[in-house]
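**Student:** Got a structure here, written out as structure tokens. Questions coming.
Protein chains in written order, with our numbering: chain A, 1 to 165; chain B, 1001 to 1114; chain C, 2001 to 2090.
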């Protein structure tokens, strides 16, 4: 796992990876219209990153992105989520108030009752929260997988005891 | 009575998981049991929210008619993510325990030998 | 040791009987007991929240505090995993 798999696997996973990311971002962005949302799309993107990790090995991956950067990304998502909730307290009445619904310019349109048309410019604060939670889930799940793979990849069979790198 | 087969499936999943937690001695197998219990709980929440002949509670190009309950599905979504987080934490603690005790047997770790 | 195994078997049997009877005595599959709150959410998710997806409107608007707790759990899990494995690599 530390050295990666064969060249065929590496090439195919590198080719497939952008499509997985695009699909996950689509699920995140259309979370208020179609089945999906921040958690599901984030899980899809994190699975794509985990596929890249398995194909290329954890040494290569930790050279591309460190777990500290992923941790910062995850904290950014969490702070954005709480900040959106606090803006509901500022502009509206309560915590988690959907303060953007009903305005004219950003995600503010209201679909008609029982309308089946997908209008992207609806949902109020929901798409922004979807993006925040999606960023949080991508960074969190990939940080978990990356740290576990990197910490256990350098162990050989009898090397578990003395803790050599 | 015969309509309660999904609840029986839930009971079977939870009991298989509970068997793994109670009777197995390997920590990895106990973790597998815990995740089976989580799956049973998720299935239970989903089956509670189903209405006969209903569709998903999403209006975009829906065929109309009855919709299933959205709150159990949202709680299941919460439960799945929490399950993943708990699974990752359990597995990392198992790696740590194996480093410290050189074994995965729960009774040897607990200090009571045969 | 044998006493403990006996206690475990007794516990497992009691829980199994409880679960099977509970599964048989729950209300029938496909007809929930009291869906008043869910009907309110289904009928008002387009006019109140403005989203077509009822599940997302529940997750982020009607029950936002649940999602906040879930985000906290995920953050704690990531912090715990990184903490454990940083200790392990030394």
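Cβ atoms here follow ideal geometry from the backbone N, Cα and C, with glycine treated the same way.
If residue 58 (chain A) sits next to residue 139 (chain A), beta carbons under 8 Å apart, how far is it from one beta carbon to the other, in whole angstroms?
**Tutor:** Rounded, the Cβ-Cβ distance is 17 Å, inconsistent with contact.
**Student:** What does residue 127 (chain A) reach in chain B if we use C-beta pairs closer than 8 Å?
**Tutor:** Those within 8 Å of residue 127 (chain A) in chain B number zero; the least Cβ separation is about 14 Å.
**Student:** How is residue 1030 (chain B) classed by DSSP in three states: helix, strand or coil?
**Tutor:** Helix at residue 1030 (chain B).
**Student:** Quick check on DSSP: helix, strand or coil for residue 1042 (chain B)?
**Tutor:** DSSP places residue 1042 (chain B) in helix when its eight states are reduced to three.
**Student:** So, for residue 2062 (chain C): in the same chain, excluding its five sequence neighbours on each side, which residues have a beta-carbon less than 7 Å away from its beta-carbon?
**Tutor:** Here the set comprises 2041.
**Student:** Run through chain C and tell me which residues come within less than 8 Å of residue 1004 (chain B), C-beta to C-beta.
**Tutor:** Those are 2023, 2024, 2026, 2028 and 2029, listed as they occur along chain C.
**Student:** Are residue 1033 (chain B) and residue 1010 (chain B) closer than 8 Å when you measure CB to CB?
**Tutor:** Against a cut-off of 8 Å, the Cβ pair of residue 1010 (chain B) and residue 1033 (chain B) comes out as no contact.
**Student:** Tell me, please, whether the region 8-18 of chain A touches the region 2030-2050 of chain C by the rule of three or more beta-carbon pairs shorter than 8 Å.
**Tutor:** No, because fewer than three Cβ pairs between the region 8-18 of chain A and the region 2030-2050 of chain C fall closer than 8 Å, the two stretches do not touch.
**Student:** Would a check of beta-carbon distances place residue 89 (chain A) closer than 8 Å to chain C?
**Tutor:** No, residue 89 (chain A) does not count as interfacial toward chain C.
**Student:** Please report the Cβ distance between residue 31 (chain A) and residue 127 (chain A), rounded to the nearest whole angstrom; I am assuming they are in contact, meaning their Cβ atoms lie under 8 Å.
**Tutor:** Right, their Cβ atoms sit about 7 Å apart.
**Student:** Residue 51 (chain A) lies in the alpha helix (DSSP H); which residues open and close that run?
**Tutor:** It spans 38-56 - the alpha helix (DSSP H) in which residue 51 (chain A) sits, taken as one unbroken run.
**Student:** Using a Cβ-Cβ distance cut-off of 8 Å, determine whether residue 2041 (chain C) contacts chain B.
**Tutor:** Cβ-Cβ to chain B under 8 Å: yes for residue 2041 (chain C).
**Student:** Let me know the alpha helix (DSSP H) ranges lying completely inside the region 2027-2060 of chain C, each 4 residues or longer, listed in chain order.
**Tutor:** Listed in chain order, they are 2036-2044 and 2054-2057.
**Student:** For residue 48 (chain A) and residue 21 (chain A), which I take to be in contact (beta-carbon distance under 8 Å), what is that distance rounded to the nearest angstrom?
**Tutor:** That pair is a contact at about 6 Å.
**Student:** Please name the residue, chosen from C:2023, C:2014 and C:2075, that lies closest to residue 133 (chain A) on a Cα-to-Cα basis.
**Tutor:** Looking at the Cα atoms, C:2075 is the closest of the given residues.
**Student:** Below 7 Å CB to CB, which residues in the same chain sit around residue 1076 (chain B) once its five sequence neighbours on both sides are set aside?
**Tutor:** Result list for residue 1076 (chain B): 1042, 1045 and 1046, in chain order.
**Student:** Grouping DSSP H, G and I as helix and E and B as strand, with all else coil, what is residue 1067 (chain B)?
**Tutor:** It is a strand residue.
**Student:** Tell me the rounded alpha-carbon separation between residue 222 (chain A) and residue 2005 (chain C).
**Tutor:** Residue 222 (chain A) falls outside the range modelled here, since chain A spans only 1 to 165, and no answer is possible.
**Student:** What residue range is occupied by the uninterrupted alpha helix (DSSP H) comprising residue 2063 (chain C)?
**Tutor:** Looking at the DSSP string, residue 2063 (chain C) is not in any alpha helix (DSSP H), and its letter there is neither H nor E.
**Student:** Using the beta-carbon of each residue, which ones in chain C are nearer than 9 Å to residue 136 (chain A)?
**Tutor:** Neighbours of residue 136 (chain A) on chain C, chain order: 2071, 2074 and 2075.
**Student:** Do residue 1070 (chain B) and residue 2058 (chain C) come within 8 Å of each other at the CB atom, strictly closer than that value?
**Tutor:** The answer is yes: Cβ separation under 8 Å.
**Student:** List the residues of chain A that residue 1095 (chain B) touches, going by C-beta distances under 7 Å, in chain order.
**Tutor:** Within chain A, the residues near residue 1095 (chain B) are 152.
**Student:** Just to make sure I have the definition right: I need the residues of chain A whose C-beta is within less than 8 Å of the C-beta of residue 1061 (chain B). Which are they?
**Tutor:** Those are 116 and 118, listed as they occur along chain A.
**Student:** For a contact meaning CB atoms closer than 7 Å, what does residue 222 (chain A) contact in chain C?
**Tutor:** Shown here, chain A extends from 1 to 165; a query on residue 222 (chain A) therefore has no answer.
**Student:** Would residue 103 (chain A) be called buried (16 or more neighbouring beta carbons within 10 Å of its own) or exposed?
**Tutor:** Exposed is the call here.
**Student:** Check whether the region 1003-1021 of chain B and the region 1091-1110 of chain B are in contact - that is, three or more C-beta pairs closer than 8 Å.
**Tutor:** Segments in contact, no.
**Student:** From residue 71 (chain A) to residue 81 (chain A), what distance separates their C-alpha atoms?
**Tutor:** Answer to the nearest angstrom: the Cα atoms are 15 Å apart.
**Student:** Which residue marks the beginning of the alpha helix (DSSP H) containing residue 129 (chain A), and which one marks its end?
**Tutor:** Where residue 129 (chain A) is concerned, the enclosing alpha helix (DSSP H) stretches over 126-153.
**Student:** Under a CB-based cut-off of 8 Å, is residue 79 (chain A) close to chain C?
**Tutor:** Residue 79 (chain A) does not count as touching chain C.
**Student:** Just to make sure I have the definition right: I need the residues of chain B whose C-beta is within less than 7 Å of the C-beta of residue 2038 (chain C). Which are they?
**Tutor:** 1069, 1070 and 1071, listed in chain order.
**Student:** If you draw a straight line from the alpha carbon of residue 73 (chain A) to that of residue 29 (chain A), how long is it in whole angstroms?
**Tutor:** So the two alpha carbons sit approximately 18 Å from each other.
**Student:** So residue 1089 (chain B) and residue 1098 (chain B) are in contact, right, with Cβ under 8 Å, and what is the actual spacing, rounded?
**Tutor:** Going by Cβ atoms, the distance from residue 1089 (chain B) to residue 1098 (chain B) rounds to 15 Å, so no, they are not a contact pair.
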